[in-house]
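Novice: The structure that follows is given in the form of structure tokens.
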Amino acid sequence: MKPNNQDTEWMRRALKLAAQGRGYTSPNPMVGAVIVRDGAVAGEGYHPAVGQPHAEVHAIQEATGRLQGSTMYVTLEPCGFHGRTPPCTEATISAGITRVVVAMADPDPRVSGNGIERLRASGITVEVGLLENEARRLNAAYIHHRQTGKPFVLLKFAQTLDGQTATCTGQSQWITGQEARTRGHQMRGESDGVLVGVGTVLADDPELTVRHVAGRQPRRIILDSAGRTPVTARIFS
Numbered sequence: 001m002k003p004n005n006q007d008t009e010w011m012r013r014a015l016k017l018a019a020q021g022r023g024y025t026s027p028n029p030m031v032g033a034v035i036v037r038d039g040a041v042a043g044e045g046y047h048p049a050v051g052q053p054h055a056e057v058h059a060i061q062e063a064t065g066r067l068q069g070s071t072m073y074v075t076l077e078p079c080g081f082h083g084r085t086p087p088c089t090e091a092t093i094s095a096g097i098t099r100v101v102v103a104m105a106d107p108d109p110r111v112s113g114n115g116i117e118r119l120r121a122s123g124i125t126v127e128v129g130l131l132e133n134e135a136r137r138l139n140a141a142y143i144h145h146r147q148t149g150k151p152f153v154l155l156k157f158a159q160t161l162d163g164q165t166a167t168c169t170g171q172s173q174w175i176t177g178q179e180a181r182t183r184g185h186q187m188r189g190e191s192d193g194v195l196v197g198v199g200t201v202l203a204d205d206p207e208l209t210v211r212h213v214a215g216r217q218p219r220r221i222i223l224d225s226a227g228r229t230p231v232t233a234r235i236f237s
């Protein structure tokens with residue numbers, strides 16, 4: 001599609017809204033939606049957590065009474081199937097929205113273009129691809145899992161300038177600064193699980209919880225084939 005500046009502005013707003021669900025929506029994607037009528041926001045919303053209403057529904061509810069002839073900007077193709085929640089395509093059609101701008105198609109095989117086709121078949125003008133790269137970066141983990149069936153893995157690793165990870169006595173604590181440690185906690189809050197080997201548990205006795213930032217507590221996973229993890233380890237607290 002050939003977007004105008006206003007289209008881009010509204011989609012950026014939708015992407016910013018979508019990011020508010022970071023760490024809480026898995027296995028669902030982060031999605032934001034903005035409904036615009038006569039050049040002003042009529043309603044907006046995002047998907048806050050799995051099992052809760054989708055972004056489109058929140059936006060439609062907020063825009064009640066101002067939906068006829070409006071445009072919806074949504075960061076991911078609206079779903080067209082019944083899952084934990086009803087299909088967003090039907091809510092969009094019933095609302096009287098006449099144009100939908102979609103950042104990217106949903107790689108979920110249950111959707112995969114079906115939502116777009118359903119909207120178009122109902123007479124709604126649908127444009128796809130606005131800020132697609134930004135939308136893909138936002139949901140990189142979701143896209144990877146839907147396309148491969150495998151988890152999206154992030155590795156957190158730190159070392160000193162001379163290539164070390166601890167002193168020779170093993171008594172060093174941090175070799176990273178506050179900014180890096182905060183980012184590490186953000187990564188935990190955005191992940192479904194945090195995995196370490198038993199060696200890390202024995203050497204550092206970590207909690208592996210999210211601190212210093214807001215976020216969901218991830219599952220804590222230990223690789224320990226010999227059962228060496230002590231029952232007093234802080235990871236069990």
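Take 1 as the starting number for the sequence shown in UniProt numbering and just add one per residue. Glycine included, C-beta positions come from ideal geometry on N, C-alpha and C.
1. Tell me where the beta strand (DSSP E) around MET72 begins and ends.
2. Pick helix, strand or coil for ILE222, following the three-state DSSP scheme.
3. Determine, using beta carbons only, whether GLN60 and THR92 come nearer to each other than 9 angstroms.
4. Output needed for GLY184: all residues of its chain with C-beta closer than 8 angstroms, excluding positions within five of it in sequence on either side, in chain order.
5. So ILE221 and VAL198 are in contact, right, with Cβ under 8 angstroms, and what is the actual spacing, rounded?
6. Span of the alpha helix (DSSP H) holding LEU161?
7. ALA19 and LEU76 look like a contact to me (Cβ under 8 angstroms); what is the Cβ gap, rounded to whole Å?
8. Could you have a look at ARG211 and say whether DSSP puts it in helix, strand or coil?
9. What's the call for PRO151, buried or exposed, on a 16-neighbour Cβ count within 10 Å?
10. Counting pairs of Cβ atoms below 8 angstroms between the segment 62-70 and the segment 219-236, do you hit three or more?
11. Three or more C-beta pairs under 8 angstroms: does that hold for the segment 136-148 against the segment 159-168?
12. Could you check what DSSP says for GLU44 in three-state terms: helix, strand or coil?
13. Hey, how far is the Cα of MET30 from the Cα of HIS47?
Specialist: Taking the coordinates as given:
1. 71-74
2. strand
3. For the record, residue 60 in the displayed sequence is Ile; it is not Gln. It is a contact, given that the beta carbons lie within the stated cut-off.
4. LYS156 and THR176
5. Not really, about 11 angstroms apart at Cβ, beyond 8 angstroms.
6. No alpha helix (DSSP H) contains LEU161, which DSSP labels as neither H nor E.
7. Contact doesn't hold; Cβ gap of about 13 angstroms is too wide.
8. Three-state DSSP puts ARG211 in coil, outside helix and strand.
9. exposed
10. Contact check between the segment 62-70 and the segment 219-236: fewer than three CB pairs, one atom from each, fall below 8 angstroms, which does not count as touching.
11. When C-beta atoms of the segment 136-148 are compared with those of the segment 159-168, fewer than three pairs fall below 8 angstroms, so the two segments do not count as touching.
12. Correct three-state label for GLU44: strand.
13. 6 angstroms
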